[in-house]
Amino acid sequence: MSLATLLVLADGRLPAGGHAHSGGLEAAVAAGRVREVADVGGFLRGRLHTTGFVSAAFAASACARTGKCFDLDLGLDARTPSPALRRASRAQGRALLRAGRAMWPVPAIGREPHHPVVLGALAAAAGLGPLEAAVAAAHGAVSGPASAAVRLLGLDPYAVHALLAGLAPEIDRIAADAAARTDDPVDALPAAGAPLLDIGAELHATWEVRLFAS
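Oh and the sequence shown: position 52 is 100 in my numbering, straight run, nothing missing.
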């Protein structure tokens with residue numbers, strides 16, 4: 049495992065369009081559920097243990113079993129009830145795949161796979177393992193919304209990044225749990241849901257003016 053390669057894959061500055069997505073935070077801010085740093089902390093923790101856990105498990109499995117990417121993609125689609133979130137995940141997957149193919153030889157994994165599936169396949173192509181893929185997925189599930197919080201609410205970036213530092217041990221635990229499930233059948237992989245994120249995504253998709261794509 050190359051730590052430097054993992055940092056490249058998890059870098060928020062990777063030209064894969066992640067900066068255009070808030071992970072549901074913009075809708076939560078508009079609904080009044082997130083207003084200050086403490087609220088952001090709760091949002092990030094909830095997202096980590098639901099969307100983050102599922103994404104980490106599917107990224108780890110895609111890394112370990114690249115030949116099963118089609119089945120994993122279908123499984124992740126079934127775990128994403130919001131059409132808006134399915135579109136956002138596939139759009140991010142498409143952008144990440146384009147960036148990844150400029151760096152590593154990536155095998156064919158479908159036309160527009162979900163983002164976690166692409167992340168796992170790229171991790172494998174880059175010589176990383178399932179645990180590293182899971183870490184990148186879990187970290188990305190919270191680092192994107194954290195960055196969006198600074199832009200949306202004008203919060204102190206030092207305080208927001210302190211939240212990410214505080215979540216690091218939980219990210220490691222989530223990633224380790226996800227990576228331990230790579231031998232599980234697709235139907236047995238985590239399916240933790242976040243109904244408020246689903247509802248917020250559908251409402252957000254109807255806005256004529258918004259800062260983020262999702």
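Backbone N, C-alpha and C define an ideal beta-carbon position, used for all residues, glycine too.
Given the structure is predicted, the values throughout are model-derived calculations rather than measurements.
Which residues in the same chain as residue i place their Cβ atom closer than 7 Å to its Cβ, once the five residues preceding and following it in sequence are excluded?
i      : result
Val165 : Phe106, Ala110, Cys117, Leu120, Asp121, Leu124, Gly141, Ile157
Glu160 : Arg138, Gly141, Arg142
By how many angstroms is the C-alpha of residue j removed from the C-alpha of residue i?
i      : j      : result
Ala150 : Gly248 : 34 Å
Gly94  : Ala169 : 26 Å
Ala173 : Pro155 : 8 Å
Leu54  : Gly66  : 16 Å
Ala126 : His209 : 33 Å
Glu84  : Ser195 : 14 Å
Val257 : Asp231 : 44 Å
Ala153 : Gly71  : With the sequence shown as reference, residue 153 is identified as Pro, and Ala is not the correct amino acid for it. Approximately 29 Å between the Cα atoms of the pair.
Ala79  : Arg135 : 22 Å
Pro129 : Asp246 : 7 Å
Leu203 : Pro131 : 30 Å
His163 : Leu251 : 22 Å
Ala253 : Ile219 : 29 Å
Trp255 : Leu62  : 27 Å
Leu73  : Val56  : 25 Å
Ala112 : Arg229 : 10 Å
Val77  : Pro217 : 26 Å
Ala86  : Tyr206 : 13 Å
Gly60  : Ala224 : 22 Å
Gly115 : Gly90  : 37 Å
Answer yes or no: do residue i and residue j have a C-beta to C-beta separation smaller than 9 Å?
i      : j      : result
Val82  : Leu201 : yes
Ala181 : Leu167 : yes
His97  : Ala261 : no
Ala52  : His187 : no
Leu144 : Ala64  : yes
Ala108 : Ala185 : yes
Ala104 : Val234 : no
Excluding sequence positions up to five away, which residues of its chain have a Cβ less than 6 Å from the Cβ of residue i?
i      : result
Leu133 : Ala249
Phe101 : Ile222, Pro238, Ala240
Measure how close the beta-carbons of residue i and residue j come, nearest whole angstrom, since I'm counting them as under 8 Å.
i      : j      : result
Ala227 : Pro178 : 4 Å
Val88  : Ala197 : 5 Å
Leu259 : Arg199 : 7 Å
According to the neighbour-count rule (16 or more other Cβ atoms, all chains shown, within 10 Å of its Cβ), is residue i buried or exposed?
i      : result
Gln240 : Going by the sequence as given, residue 240 is Ala instead of Gln. Exposed.
Ala242 : buried
Ser50  : exposed
Thr99  : buried
Ala171 : buried
Only counting the same chain, and skipping five residues up and downstream in sequence, which positions put a Cβ closer than 8 Å to that of residue i?
i     : result
Leu92 : Val190, Pro193, Ala194, Leu211, Leu212, Leu215
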